[in-house]
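Working notes, beginning with the structure itself.
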């Protein structure tokens, strides 16, 4: 039969199986699409977008100013991209962060400190007006001291308790009349000087009785000066000006009222102007609010809130304002883990460090959150990092002293706080105790004065009552009401807290960062010690011609040594892979800036120019990056990493089904039966390949459509992608064939085969991790595993997508990475090479390890000429001598009137494994028109003899002729007339009864009309006409066996070999098979192998019995019984009847029994 016909039949069988098993077919086609729908959902959630112009903030160097430099480090740690022009791009402006709270605070603090005189000058007009009234005798009352005070005064109790003045003296003082005119006019003397001078004291106080005055004056003079000053402040703070400036007294003199009103209005206007200026300087309150979020006591604040507060303080914008532009060179080292990790030495360093508790608390807060920890790792060298230098000479010390000067400028915050410590308490005392503020608050509450003040303030947001509320000092024991308007004390506390916190922050900086060593080796050793707790910044080695000289040469040479993780590797000039957009990733692309190399270089070079007296003016210019189409970072990572994984997983179900179906035909011995009928192994493998390949091509076509329509690969040529997937499909199918050779059980093969298939993908993960160390040769070697080669191809495909080019026929031969000789075409070639290797391995392993049903070839069979020469006779084995002839009395004479069907002459079969002699010089003939029963015990050689007759095994020696044709040369012609029914059913579960007849009929070379004609009669003979459209898996065991026997007679088989055709069937079906054999015996040579003696006796025209591979006897049943039998044995049992005698009938019966002697 032609190979084309065989291939057609096998393909029809395979596609019919898939067509009947709809669930498997739908799953094979839709399972890959389901996986890629996940990728499409990721793609839709992260669509590509057109990136507009990207403006990066300039990176200020130390020479631009310490604050600008520190802000550049902190605020540019993620190198944000802005779609608008940054402030630093304006001509003449370097700083980008003037809007930050820290920058505004320094400006505001300077403004306040330079305008402190306004606080005392605002009440000058009011003081002059009061002093002018004091010169009039009738303007001021002459009340007892106690009447000047409020009702709830504490002045008298302070004198008794704190000043230890006797109660009677205190009572006398409270009753003595105070000349307020003299007190307000003042003499410029301290209170202690007045009370100790009786004359001066008499001008102020009028006491009844000289003796009482003397005692009072003595007790007052005994009070210490500081207590007297405190008593004076309490008295002034508790004075009730409503008793002094009564409404009647003010209205009695219009001139006096006008003077006081105008003075109060002027003071109020000046105060409103100052407060407007202060409120425009909102940096103090905003800074204080954000600092509360960063302090340890506010641990409940969310990390994101803290991070935004920190960003507002240092940078002036929240973290979300900038857009991060990632680097797509994933194979380069990433330092995020090193930033987030913490060594054990760093933990002990926090515990044992001698820094202030504030600094420890701040560092712990920064370490708590992963995001802030990245910031801390970036700026830690700036805080506590050391700069080592060598050699330590007078000349190098001069340079490093200039370098250290930059860090010493951070003292400006401490200087500002020191100035505030001097000015702040004076302002507070003035606001709390000054008579002017007391008078101003009192006048602002007077309606007659408030009218004038409100007229003066009509163009401002202030009123007299609001100013009076602002000037009031709240009770410290009373909690502040929510929403209450702020007072001067709130402003003072905000300012004091902000300046105090910033002063403590500056103390966390190590201002003496320089450490000199004598040699470079000592510097390296010291640097390794500092690296343990990340306190090493850089090492500077000066290459001086004369280290002992104190003068520097005109040209100073030096080198900077840093940790390898903080600088770009010197063996990389540029990125290996081009991607659109700027090299803007701070962790991989900008290591020279992130690690601080350029900062150290700027510090040293500026210091050298300062020492040498050379001044260089540098005008930096910032550029923007042009527009480009950008893929989201997360999607490109998913595409690059998941495309090979998804495609590998997409075909796992198909792989399992292919392996299962291939192994099932081996397990069910269908493959063996089809080989008996003339099917070659190559044709069988080809049919499986074609049927599987078509399914894979349909799946690939659907995948390419999904990838294109889903906008996952928008730039790539779909034809190239389809060609790439078809190459992987070829390699995958051949890999399935290879895996199937190791199994004999279908379900086990499907499970383990799928696992083995996916395991071959895992080396690609290692290749990705070791990418930096793999050359093109290494990749080619790794590509001998098809999933690895496919992974490399997917990687190049995604890289071309990232570049906006996509994979095309023109660039598939080149790599997107410069210097890389591997490409997508290399991956495709390696996939076909893998497919060829898998195919050769399948052919070899199937021959050497054929499984349970087959004869293994030696491992060196490829080097044997007989394998390639087509010889069917095994050679090279020693042939044992023929057994001694024991006579012909056991073999009946051959019939002369019958046609010879099968002739076996001197047949020998020796299995190489174990050198087992299976058939020993067997000679027997089978005739046409007869059923020859072939009997023998298990292991007698029956199955081996029948396998040689069917062409499964080659004979070791001897000859076999079937219908006159030698099996060694004419096996293809023999198979056209040979029918076989093995011990097992040769049925396919998914095919119907008539489809089996059609399939095996065409396999025997029959035409369609012949098959159709024979199908009706054959199905009627076996009684399966009513089941012709029923799938064989739904038939009973007897029906399946009938169909298997009937298949052996399809195509007019002249020689039919039946191996135990009635084994395991019920008696009714067994009888039906007997009738079928008897009916089809005419003109056919039927060889029947059975273990049932009655079956052999009934059906067999001749019986051949073999043992140990030798023919023991052969002949008809009657011949064997007469020559080899020992007669018949009849046992008759007579029942003794005690009461009756035998009748005549029974006597006659007993007399007729003839018992033969043994």
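Residue numbers (UniProt numbering): 1 to 1158.
Idealized CB from N, CA, C, for every residue including glycine.
Computed from a predicted structure; not experimentally measured.
> Do you know offhand how far residue 1070's Cα is from residue 1062's?
Replying inline: For residue 1070 and residue 1062, the distance between alpha carbons rounds to 6 Å.
>> Tell me the rounded alpha-carbon separation between residue 856 and residue 955.
In response: Counting only the Cα atoms, residue 955 lies some 14 Å from residue 856.
> For residue 7, which residues from the same chain have a beta carbon less than 7 Å from its beta carbon, with the 5 sequence-adjacent residues on both sides left out?
Replying inline: Counting only residues of its own chain and dropping the five nearest sequence neighbours on each side, residue 7 has a CB closer than 7 Å to the CB of 683, 686 and 687.
> How should residue 730 be labelled, buried or exposed, when 16 other C-beta atoms within 10 angstroms of its C-beta is the threshold for buried?
Replying inline: Buried: at least 16 other Cβ atoms inside 10 Å.
> Using 8 Å as the limit for Cβ to Cβ distance, is residue 144 near chain B?
Replying inline: The chain inventory of the structure shown lacks chain B, comprising one protein chain alone.
> Is residue 1089 helix, strand or coil by DSSP?
Replying inline: Of the three classes helix, strand and coil, the one that applies to residue 1089 here is strand, per DSSP.
>> Going by DSSP, what residue range makes up the alpha helix (DSSP H) through residue 902?
In response: Taken as a continuous stretch (DSSP letters only), residue 902 belongs to no alpha helix (DSSP H), being part of the beta strand (DSSP E) at 900–911.
> Looking only at DSSP bridge pairs, what is residue 661 linked to?
Replying inline: Answer is none; residue 661 lacks a bridge partner.
>> Excluding the 5 residues flanking residue 647 on each side, which residues of the same chain have their C-beta closer than 8 Å to its C-beta?
In response: Take residue 647, set aside five residues on each side of it, and the residues of its chain with a beta-carbon closer than 8 Å to its own are 32, 703, 725, 728, 790 and 794, in chain order.
>> Can you tell me whether residue 360 is helix, strand or coil according to DSSP?
In response: Helix.
> So is residue 675 buried or exposed if we call it buried at 16+ other beta carbons inside 10 Å?
Replying inline: Under this definition residue 675 is a buried residue.
>> So, for residue 492: in the same chain, excluding its five sequence neighbours on each side, which residues have a beta-carbon less than 8 Å away from its beta-carbon?
In response: Cβ neighbours of residue 492 beyond the five flanking positions: 424, 427, 428 and 431.
> Which residue or residues does DSSP assign as beta-bridge partners of residue 1174?
Replying inline: With the chain represented from 1 up to 1158, any question about residue 1174 goes unanswered, as that position is not in the structure.
> Beta-carbon separation of residue 1181 and residue 1104 under 8 Å?
Replying inline: For residue 1181 there is no data in the structure shown, the boundaries of the chain being 1 and 1158.
> Which same chain residues, not among the five before or five after residue 757, have their C-beta less than 6 Å away from its C-beta?
Replying inline: Answer for residue 757: 655, listed in chain order.
> Which residues in the same chain have their Cβ closer than 7 Å to the Cβ of residue 98, if we skip the five residues on either side of it in sequence?
Replying inline: Same-chain partners within the cutoff: 87.
> CA-CA distance, residue 147 and residue 235?
Replying inline: Inter-residue distance for residue 147 and residue 235 is about 12 Å (C-alpha atoms, whole angstroms).
>> Is it buried or exposed, residue 1050, if we count other Cβ atoms within 10 angstroms and call 16 or more buried?
In response: Here residue 1050 is buried. Its C-beta has 16 or more other C-beta atoms within 10 Å.
> Would you call residue 711 buried or exposed, if buried means 16 or more other Cβ atoms sit within 10 Å of its Cβ?
Replying inline: The residue in question, residue 711, is exposed, as its Cβ has fewer than 16 Cβ neighbours within 10 Å.
> Which class does residue 315 belong to by DSSP, given the choice of helix, strand or coil?
Replying inline: The answer is coil: DSSP assigns residue 315 none of H, G, I, E or B.
>> With H, G and I counted as helix, E and B as strand and the rest as coil, what does DSSP make of residue 199?
In response: It is helical.
> From this set, 103, 239 and 52, which residue's C-alpha is nearest residue 153's C-alpha?
Replying inline: Cα-wise, what sits closest to residue 153 is 239.
> Roughly how many whole angstroms lie between the Cα atoms of residue 339 and residue 563?
Replying inline: For residue 339, the predicted model reports a pLDDT of 43, less than 50, meaning its position is unreliable; a value from the coordinates is still stated below. Spanning the two alpha carbons is a distance of roughly 14 Å.
> Roughly how many angstroms lie between the CA atoms of residue 835 and residue 799, to the nearest whole one?
Replying inline: Looking at the two C-alpha atoms, the distance is approximately 26 Å.
> From the DSSP output, which residues share a beta bridge with residue 962?
Replying inline: Paired residues: 902 and 965.
>> Taking the beta carbon of residue 352 as the centre, do at least 16 other beta carbons fall within 10 Å, making it buried, or is it exposed?
In response: Unreliable placement is indicated for residue 352, whose pLDDT of 44 sits below 50; the coordinate value is still reported in the next sentence. Under this definition residue 352 is an exposed residue.
> Should residue 108 be counted as a contact of the ligand ZN given a C-beta to heavy atom distance under 7 Å?
Replying inline: As presented, the structure is devoid of all ligands, the ligand ZN included, so that no description of it is given.
> What are the start and end residues of each continuous beta strand (DSSP E) run of 3 or more residues lying completely inside the segment 509–593, in chain order?
Replying inline: Runs of the beta strand (DSSP E) inside the segment 509–593: 514–516, 536–543 and 557–561.
> If you draw a straight line from the C-alpha of residue 897 to the C-alpha of residue 926, how long is it?
Replying inline: So the two alpha carbons sit approximately 13 Å from each other.
> Going along the chain, which residues of its own chain have a beta-carbon closer than 8 Å to the beta-carbon of residue 1183, five neighbours each way excluded?
Replying inline: Since the first residue shown for the chain is 1 and the last is 1158, residue 1183 is missing from the structure and cannot be characterised.
> For residue 516, which option in 391, 701 and 992 has the closest C-alpha, if you only look at C-alpha atoms?
Replying inline: The shortest C-alpha separation from residue 516 is found at 391.
>> Let's test the definition: count the other Cβ atoms within 10 Å of the Cβ of residue 483 and tell me whether it reaches 16, buried, or not, exposed.
In response: It counts as exposed.
>> What would DSSP say about residue 206, mapped onto helix, strand or coil?
In response: Reduced to three states, the DSSP call for residue 206 is strand.
> What three-state label does DSSP hand residue 1001 in the structure shown?
Replying inline: In the three-state scheme derived from DSSP, where H, G and I count as helix and E and B as strand, residue 1001 is classed as helix.
>> Can you give me the C-alpha to C-alpha distance between residue 106 and residue 315, rounded to a whole angstrom?
In response: Each residue's alpha carbon lies about 14 Å from the other.
> Any idea what DSSP makes of residue 710, helix, strand or coil?
Replying inline: When secondary structure is reduced to three states using DSSP, residue 710 falls in the coil class, being assigned neither helix nor strand.
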